[in-house]
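Mapping the sequence shown onto the UniProt record's numbering, position 238 (from 1) lands on 238, and the numbers just tick up by one.
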Amino acid sequence: MAAPQSVTSRRLAGSDQKDARVPPSLASSHSGQISFTSSPSPAREGNSTIPPMFMTAVAQIQARSQALLRAAIASERAKLWPKAIEYYRRLLSCLSQRNFPIQYVPGPTCKLLVFETYYHIGVAFQSMHNHQEALEEFSFALETAHIPKNVCQVGCASGSFYQIPVLARRAYSYVKCGKIKEAIRDSTRAVNLDSSNPDVYCIRALVWSSAKEKRRALVDLNASFKLNSSHICTLILRGAILSSLGSLPSEKNKDHEKALVLSWDSKDFCDVEDFYHPKMLSFYDKFLWSLNAFHTITEINLFDGATYAANSNITRDVGQSKKSFRCGSLATYSDNTSLERRKVYTEAVRQSSIGLNGKKDLSSSLTWGFEDEESKSYEANGTRKYSKKPSKPVDWVL
């Protein structure tokens, strides 16, 4: 995992079709299900048993969803956050399982779209400094991308790259809500899942620094520096923290000097050292870009990978396609990359349980008398006037 894996690098086939409203053809199936393909086949369509009403119903949902997604993205780009939230909420309502024919079994495109929608609602709330609402949306996104218990829990059988951007963003919101212990937990999970990405170490360093644990923040920043000595975010944060600790002469800061050479924009962020900085949102988007889940679906195709369950008794929650295994048992892989990834993750979890500097629990030694005044102000004056959110995430899971 030499480079950070993002949702962007896992674009699903069929999501870039020019006209997503045209239903694709049907393919042969087994076990009472008929799957869809992207290439037309009149002979197969003639032999299919799928009612026209089913095709029409899904196509109508697809058309409505497409219009809402475009409106949400346009509002997002214009930084009209309340409107973006409204359109994304309406999109989730449109994609609710209850709106589809009971025979419809969603494909990965539909599930990924639901995940991205929750994520972008959370980002919109964060941009409005409404971190309590953002926490709920990021938690919904994680639940949507949840790995079922009958599959490998260390990310071998499912793409953990879906979870890393959400964990990083949720750690930020946890800090702003005064929940430092939860922020440490999420940032540590992100480090364990992508231990070769310097950005995740910066996230945990920001959490430690926000908790006034600057020495521990430096440990993470040094680890990030070893991975990439030209990582701008690491240089900015380490230079700022060392200066605040009085470890550097005021006129000499090699980290900031190098950051300026790499990016002149870093001059505006040389005093950033924790999540409470007023420029944090701009800093995050500019220097932690690998931890953003960008829109990978802009043209919706609800037929892509979906199946028609002719037998109504077939469950829609098809879960993961990979077989489960008993913990501690040997596993075989088609390539060495998957095996190496599992080894790296297992070692990261083991090191995390031991802790830094030989301490077993990094979060237990924190002083919990610390509270965020901004989050108190939000509780007193925060608004919840946006369109109603669902009581639980849409039923589709990745």
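Virtual Cβ for every residue (Gly too), placed ideally from N, Cα, C.
The alpha-carbon of residue 227 is positioned some 17 Å away from that of residue 289.
The criterion of a C-beta distance shorter than 8 Å is not satisfied by residue 241 and residue 213. For residue 211, there is no enclosing beta strand (DSSP E), as DSSP marks it with neither H nor E. If you compare the alpha carbons of 195, 181 and 123 with that of residue 281, the shortest gap goes to 123. Residue pairing for residue 104: DSSP places it in a beta bridge opposite 308. Counted as a single uninterrupted DSSP element, the alpha helix (DSSP H) harbouring residue 239 occupies residues 232-244. Sixteen is the threshold: when 16 or more other Cβ atoms of the shown chains lie within 10 Å of the Cβ of residue 133, as they do, the residue is buried. Cβ contact annotation for residue 225 (same chain, cutoff 6 Å, sequence separation greater than five): 234, in chain order. When C-alpha distances from residue 239 are compared across 302, 121, 254 and 230, the shortest belongs to 254.
With respect to the C-alpha of residue 219, the residue from 202, 211, 231 and 229 having the closest C-alpha is 202.
Residue 264 sits exposed, since fewer than 16 C-beta atoms from the chains shown fall within 10 Å of its C-beta.
In its chain, beyond the 5 residues on either side, 235 have a beta carbon closer than 6 Å to the beta carbon of residue 258. By the 16-neighbour rule on beta-carbons within 10 angstroms, residue 102 is exposed. Residue 287 counts as buried, since at least 16 other C-beta atoms from the protein chains shown sit within 10 angstroms of its C-beta. If you draw a 10 Å sphere on the C-beta of residue 138, you find 16 or more other C-beta atoms in it, and that means buried. About 5 Å separates the beta carbons of residue 297 and residue 113, which is inside the 8 Å limit, making them a contact pair. Judged by their CB atoms, residue 304 and residue 109 are nearer to each other than the 8 Å cut-off. Annotated as proximal: residue 170 and residue 135, with beta-carbon spacing under 8 Å. Here the alpha carbon of residue 94 sits roughly 7 Å from the alpha carbon of residue 64.
No Cβ-Cβ contact shorter than 8 Å links residue 125 with residue 61. Note that the C-beta distance between residue 223 and residue 190 is not below 8 Å. Cβ-Cβ distances below 6 Å link residue 131 to 173, 176 and 177 in the same chain, with the five nearest sequence neighbours on each side left out; the list follows chain order. Residue range 81-94 is occupied by the alpha helix (DSSP H) that includes residue 93.
At the C-beta level, residue 306 and residue 88 stay beyond 8 Å of one another. With contacts defined as CB atoms closer than 8 Å, residue 141 and residue 180 fail to qualify as a contacting pair. The beta carbon of residue 98 sits closer than 7 Å to no other beta carbon from its chain once the five residues preceding and following it are set aside. Residue 277 and residue 128 have their alpha carbons spaced roughly 15 Å apart. A direct Cα-to-Cα measurement between residue 81 and residue 72 gives close to 9 Å. Around the CB of residue 279, fewer than 16 other CB atoms lie within 10 Å, so the residue is classed as exposed.
The Cβ-Cβ distance between residue 209 and residue 217 falls below 8 Å. For residue 61, the enclosing alpha helix (DSSP H) starts and ends at 52-77.
At the C-beta level, residue 237 and residue 262 stay beyond 8 Å of one another.
Ranked by Cα distance from residue 117, the options 106, 96, 91 and 107 are led by 91.
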